[in-house]
Amino acid sequence: MKVTKEEVAYIAKLSNLMLTPEQAEKQAEEFSNILNHFDTINQENLTGIEMYSFEDEPLRLRKDEAIPFKNSDELYANTKSMQETAIKIPKVVE
Amino acid sequence: MAVYETVIGLEIHVELDTKSKIFCSCSTKFGAEPNKNTCPVCIGLPGVMPVLNEEVVKLAVKAGSALNCKINLINKTDRKNYFYPDLPKAYQISQFDLPICSGGFIDLDIEDRARKIGITRIHIEEDAGKLIHLEDSEYTLIDYNRGGVPLIEIVTEPDMRSADEAVAFLKKLRAILIYSGISDCKMEQGSMRCDVNISVREYGSQELNTKVEIKNMNSLKEVHKAILKEENRQMQFYHYGEGHKVVQETRRWDASKGRTVTMRSKEDAHDYRYFPEPDLPPVIIASETAEAIKNTLPELPDAKRKRMIEKYRLTEQEVDILIEEKYVADFYEETVQLSNEPKEASNWIITEVLRVLKTEKEIPLTTRQLSDLILEIKKGTISRTAGKEVFEALITSEASVEKIIAAKGFQQISAKDEIEAIVDQVLSSNPQAIEDFASGKTQSFGFLMGQCMKASKGKGNPGVVKEILEQKLRR
Ligand SMILES: [Zn+2]
Chain B
36 MKVTKEEVAY
46 IAKLSNLMLT
56 PEQAEKQAEE
66 FSNILNHFDT
76 INQENLTGIE
86 MYSFEDEPLR
96 LRKDEAIPFK
106 NSDELYANTK
116 SMQETAIKIP
126 KVVE
Chain Z
-15 MAVYETVIGL
-5 EIHVELDTKS
5 KIFCSCSTKF
15 GAEPNKNTCP
25 VCIGLPGVMP
35 VLNEEVVKLA
45 VKAGSALNCK
55 INLINKTDRK
65 NYFYPDLPKA
75 YQISQFDLPI
85 CSGGFIDLDI
95 EDRARKIGIT
105 RIHIEEDAGK
115 LIHLEDSEYT
125 LIDYNRGGVP
135 LIEIVTEPDM
145 RSADEAVAFL
155 KKLRAILIYS
165 GISDCKMEQG
175 SMRCDVNISV
185 REYGSQELNT
195 KVEIKNMNSL
205 KEVHKAILKE
215 ENRQMQFYHY
225 GEGHKVVQET
235 RRWDASKGRT
245 VTMRSKEDAH
255 DYRYFPEPDL
265 PPVIIASETA
275 EAIKNTLPEL
285 PDAKRKRMIE
295 KYRLTEQEVD
305 ILIEEKYVAD
315 FYEETVQLSN
325 EPKEASNWII
335 TEVLRVLKTE
345 KEIPLTTRQL
355 SDLILEIKKG
365 TISRTAGKEV
375 FEALITSEAS
385 VEKIIAAKGF
395 QQISAKDEIE
405 AIVDQVLSSN
415 PQAIEDFASG
425 KTQSFGFLMG
435 QCMKASKGKG
445 NPGVVKEILE
455 QKLRR
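Taken in order, these protein sequences are the chains called B and Z.
Using this note's numbering, the first residue of the first sequence is number 36, and each one after it goes up by one.
Using this note's numbering, the first residue of the second sequence is number -15, and each one after it goes up by one.
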């Protein structure tokens, strides 16, 4: 599957990434290779194979208990600007 | 002239009633100091791993069962990618192609017309944080306490045809979710929010026209108003042959201006680039587990309605009022259990308790107090009129009904000898009235009755007074 430079530019825009034309070209090629690899995997014959069998590793879920995080002082140590305990950022309006 | 019909589908976000968040152990309690309920997982620090809360699976399966859905025993989580400061990881863990439940319905009864509203799917996801936009400030504040609070999103089929139907659906959905203990559905606190998809087409057409999405409605009243306004806006375009002016877009309801305004149009609509969440295994539920969860469902509103009509011999209208809020229905049934007076309990709750609830948040008296009040009136200790005054006193007091009646001196005189004495006294001072009665002027009975009540300072039990007065006059 061939990925175009335009498609890379679109994904880059959605991902807030800046790519030079050279980088975009390189990405397009790498994406194509990755997708081709999936095509190869897709050719594997999977008939008769249970897709979602995890019998040896049962689903691990968490008990519903509220446990406050201990080190909360450090949690926002790197935050540039706070007002009391709220994070302060330049105004965003949708 | 063409006749138009409105086509409405809803997407409802409901916060699940859990103690901790969906992927970490932070508390979900509403109203904490900003960012107090956060940890490296829910603010998306690098290297953290989410672990799914078992209660979320349980409540989502419960919701699916209550809404007649198929439970997908194999489902999985996906990342929904977008950039916004309320989402610290820049992706929301949600479900895309394999949601936990699909294909359910709710039965509605609108003006005696049965309507079945389809539910497309229910999926689990994490809530985003909250942005606080201060007026006259160049800053926005972020509070991540809500980030990671578990949600289910319920998506309906485009099966509703009017604002009334949409609101009826939301009311019923809300009742079912509250009854089953899935969510408190407090719209004013944002634990139930609703997006409305709405389009308009010529009546009889099977096609779906361009739809407009109205985001984040948080009151039933506003949902109703917004739908009326938006359907009218679209109909105007179609009516004047300008249907192309209805564009697929997201609009916001401006409650203060009473109209919808464009938020974003399709051109810059988000492409979320969903992909499977690699940090979480697929959610695999044993069919016995799903069955066991389904069996924990309590009596749902429809079943309760039917049972209450039969058991208590109330009218449909009365029961509909009583069951609209679960806590009112529970209060009713407890009062009946204590008093064995289903009709009286219904009357008191519908006329007095619900009146008080218009301004109060909680029922301001106990079932014991109300049932005692009902019984005292029945016994004739106090009159019905005095009963209303006792009720008012109970609202602000924890005292027993007996104490309030005593304190207010409301006891009716029902003792026959006491009343006989009063009647005798009245009769001896009104010989003319007795003569009038004897000569057939029946209205003098009313006069004498009034005199007796007056002489008892209003405390005479009217039934007993009437009985004794009649006996004496007929002699
Ligand atoms: Zn957390």
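Every residue gets a Cβ at the ideal spot worked out from N, C-alpha and C, and that includes glycine.
1. Are Asn129(Z) and Thr244(Z) closer than 8 Å when you measure CB to CB?
2. Return the first residue and the last residue of the beta strand (DSSP E) that Met201(Z) is part of.
3. Report the option in Thr335(Z), Met292(Z) and Lys114(Z) whose CA atom is closest to the CA atom of Val320(Z).
4. Select from the stretch 94 to 110 of chain B all residues with a C-beta closer than 8 Å to any C-beta belonging to chain Z, and list them in chain order.
5. Are the stretch 303 to 312 of chain Z and the stretch 263 to 278 of chain Z touching, with three or more C-beta to C-beta distances below 8 Å?
6. Check each residue of the stretch 124 to 136 of chain Z: if its Cβ is closer than 9 Å to any Cβ of chain B, include it; give the result in chain order.
7. Taking contact to mean at least 3 C-beta pairs separated by less than 8 Å, is the stretch 122 to 136 of chain Z in contact with the stretch 98 to 113 of chain Z?
8. Run the CB neighbour count on Asp91(Z), radius 10 Å, all protein chains shown included, and call it buried at 16 or more, exposed below.
9. Using a cut-off of 7 Å between C-beta atoms, extract the partners of Gln118(B) located in chain Z.
10. Answer with yes or no whether the minimum CB distance from Lys40(B) to chain D is below 8 Å.
11. Considering only heavy atoms of ligand 1 and the C-beta of each residue, which residues fall inside 6 Å, strictly closer?
12. So what's Ala98(Z) in DSSP terms, helix, strand or just coil?
13. So, are the CB atoms of Lys3(Z) and Leu281(Z) less than 8 Å apart?
14. If you count every other CB in all the chains shown that lies within 10 Å of the CB of His117(Z), and 16 or more means buried, which is it?
15. Looking at chain B, is there any beta carbon in it that lies within less than 8 Å of the beta carbon of Asp286(Z)?
16. Taking 8 Å as the CB-CB cut-off, is Ala112(B) touching chain Z?
17. Helix, strand or coil for Pro125(B)? Go by DSSP, reduced to three states.
18. On a CA-only basis, which of Leu378(Z), Ile58(Z), Lys443(Z) and Gly447(Z) is nearest Arg352(Z)? Give me that one, please.
19. Assuming Val180(Z) and Leu51(Z) form a contact by the criterion Cβ under 8 Å, report the distance between their Cβ atoms to the nearest whole angstrom.
20. Check whether the Cβ atoms of Gln220(Z) and Thr194(Z) lie closer than 8 Å to each other.
21. For Ile138(Z), which of Thr124(Z), Glu186(Z) and Cys85(Z) has the nearest alpha-carbon?
22. Checking contacts by CB at 8 Å: is Ile122(B) closer than that to chain Z?
23. I need the DSSP call for Pro282(Z), collapsed to helix, strand or coil.
24. Taking C-alpha atoms, which residue in Val25(Z), His(-3)(Z) and Asp62(Z) lies nearest to Phe7(Z)?
25. Quick test of your reading: Ser323(Z) and Ile358(Z), contact by CB under 8 Å. State the CB separation rounded to the nearest angstrom.
26. Mapping the DSSP letters down to three states, classify Asn71(B) as helix, strand or coil.
27. Does the distance from the CB of Ile403(Z) to the CB of Ile361(Z) come in under 8 Å?
28. Could you check the C-alpha separation between Thr124(Z) and Leu110(B) for me, to the nearest Å?
29. In this structure, does DSSP put Glu251(Z) in helix, strand or coil?
30. Entirely within the stretch 104 to 183 of chain Z and at least 4 residues each: give me those alpha helix (DSSP H) ranges in chain order.
31. Would you identify the three-state DSSP class for Ser355(Z), choosing helix, strand or coil?
32. Would Met144(Z) be called buried (16 or more neighbouring beta carbons within 10 Å of its own) or exposed?
33. Going by alpha carbons, who is nearest to Arg97(Z) out of Glu149(Z), Asn37(Z), His(-3)(Z) and Ile166(Z)?
34. Quick one: grab the DSSP three-state call for Lys363(Z).
35. Quick check: is any heavy atom of ligand 2 less than 7 Å from the C-beta of Arg97(B)?
36. Using only the alpha-carbon positions, how far apart do Ala390(Z) and Ile366(Z) sit?
Short version:
1. In the second sequence, the residue the question calls residue 129(Z) occupies position 145. In the second sequence, the residue the question calls residue 244(Z) occupies position 260. For Asn129(Z) and Thr244(Z), no; Cβs fall outside 8 Å.
2. As a working mapping, residue 201(Z) is identified with position 217 in the second sequence. Start and end: Val196 to Met201.
3. The residue given as residue 320(Z) occupies position 336 in the second sequence. Of the listed residues, the one whose Cα sits closest to Val320(Z) is Met292(Z).
4. Leu94, Arg95, Leu96, Arg97, Lys98, Asp99, Glu100, Ala101, Ile102, Pro103, Phe104, Ser107 and Leu110
5. no
6. From the stretch 124 to 136 of chain Z, only Thr124, Leu125, Ile126, Asp127 and Tyr128 have a Cβ closer than 9 Å to chain B.
7. Here the stretch 122 to 136 of chain Z lies against the stretch 98 to 113 of chain Z, with 3 or more beta-carbon pairs under 8 Å apart.
8. By 1-based counting over the second sequence, the position of residue 91(Z) is 107. Label assigned to Asp91(Z): exposed.
9. Within the first sequence, the letter at position 83 stands for residue 118(B). Here the neighbours are Leu125.
10. Absent from the structure: chain D. Protein chains present are B and Z.
11. The set of residues with any CB-heavy atom separation to ligand 1 below 6 Å comprises, in chain order, Lys5(Z), Cys8(Z), Cys10(Z), Thr22(Z), Cys23(Z), Val25(Z), Cys26(Z) and Gly132(Z).
12. Here the question's residue 98(Z) lines up with position 114 in the second sequence. Strand, per DSSP.
13. The residue labelled residue 3(Z) in the question sits at position 19 within the second sequence. The residue labelled residue 281(Z) in the question sits at position 297 within the second sequence. Result no, Cβ atoms of Lys3(Z) and Leu281(Z) do not sit closer than 8 Å.
14. The sequence position of residue 117(Z) within the second sequence is 133, counting from 1. For His117(Z), the number of other beta carbons within 10 angstroms of its own is below 16, and it is reported as exposed.
15. By 1-based counting over the second sequence, the position of residue 286(Z) is 302. Chain B contact via Cβ: absent.
16. Numbered from its first residue, the first sequence carries residue 112(B) at position 77. It does not; no Cβ of chain Z falls within 8 Å.
17. Numbered from its first residue, the first sequence carries residue 125(B) at position 90. When secondary structure is reduced to three states using DSSP, Pro125(B) falls in the strand class.
18. Within the second sequence, residue 352(Z) is the residue found at index 368, counting from 1. With respect to the C-alpha of Arg352(Z), the residue from Leu378(Z), Ile58(Z), Lys443(Z) and Gly447(Z) having the closest C-alpha is Leu378(Z).
19. The residue given as residue 180(Z) occupies position 196 in the second sequence. The residue given as residue 51(Z) occupies position 67 in the second sequence. Contact flag wrong, Cβ pair sits at about 19 Å.
20. As a working mapping, residue 220(Z) is identified with position 236 in the second sequence. As a working mapping, residue 194(Z) is identified with position 210 in the second sequence. Contact: no.
21. Stepping through the second sequence from its first residue, residue 138(Z) is reached at position 154. Here the closest residue by C-alpha is Cys85(Z).
22. Counting from 1 along the first sequence, the entry for residue 122(B) is found at position 87. It does; some Cβ of chain Z falls within 8 Å.
23. Here residue 282(Z) refers to the residue found at position 298 when the second sequence is read from its first residue. Looking at Pro282(Z) - three-state DSSP - the assignment turns out to be coil, as it is neither helix nor strand.
24. Within the second sequence, residue 7(Z) is the residue found at index 23, counting from 1. For Phe7(Z), the nearest C-alpha among the options comes from Val25(Z).
25. Sequence index remark: in the second sequence, residue 323(Z) carries index 339 (1-based). Sequence index remark: in the second sequence, residue 358(Z) carries index 374 (1-based). Going by Cβ atoms, the distance from Ser323(Z) to Ile358(Z) rounds to 5 Å, so yes, they are a contact pair.
26. As a first step, residue 71(B) is located in the first sequence; it is residue number 36 there, counting from the start. DSSP places Asn71(B) within a helical segment (H, G or I) once states are collapsed to three.
27. Position 419 of the second sequence, counting from 1, holds the residue named residue 403(Z). Position 377 of the second sequence, counting from 1, holds the residue named residue 361(Z). Result no, Cβ atoms of Ile403(Z) and Ile361(Z) do not sit closer than 8 Å.
28. For the purposes of this step, residue 124(Z) is identified with residue 140 of the second sequence, where counting begins at 1. For the purposes of this step, residue 110(B) is identified with residue 75 of the first sequence, where counting begins at 1. Near 20 Å, if we compare the C-alpha coordinates of Leu110(B) and Thr124(Z).
29. By one-based count along the second sequence, residue 251(Z) stands at place 267. Since pLDDT at Glu251(Z) reaches only 47, below the 50 mark, its modelled position is unreliable, and no value is offered.
30. Whole alpha helix (DSSP H) segments, 4+ residues: 147 to 163.
31. For the purposes of this step, residue 355(Z) is identified with residue 371 of the second sequence, where counting begins at 1. Under the three-state reduction of DSSP output, Ser355(Z) falls in the helix class.
32. Along the second sequence, one-based indexing puts residue 144(Z) at 160. By the 10 Å Cβ count, Met144(Z) comes out buried.
33. Residue 97(Z) sits at position 113 when you count from the first residue of the second sequence. The shortest C-alpha separation from Arg97(Z) is found at Glu149(Z).
34. As a working mapping, residue 363(Z) is identified with position 379 in the second sequence. Helix, per DSSP.
35. Among the ligands modelled here, namely ligand 1, ligand 2 does not occur.
36. In the second sequence, residue 390(Z) corresponds to position 406, counting from 1. In the second sequence, residue 366(Z) corresponds to position 382, counting from 1. Between Ala390(Z) and Ile366(Z), the C-alpha separation is close to 10 Å.
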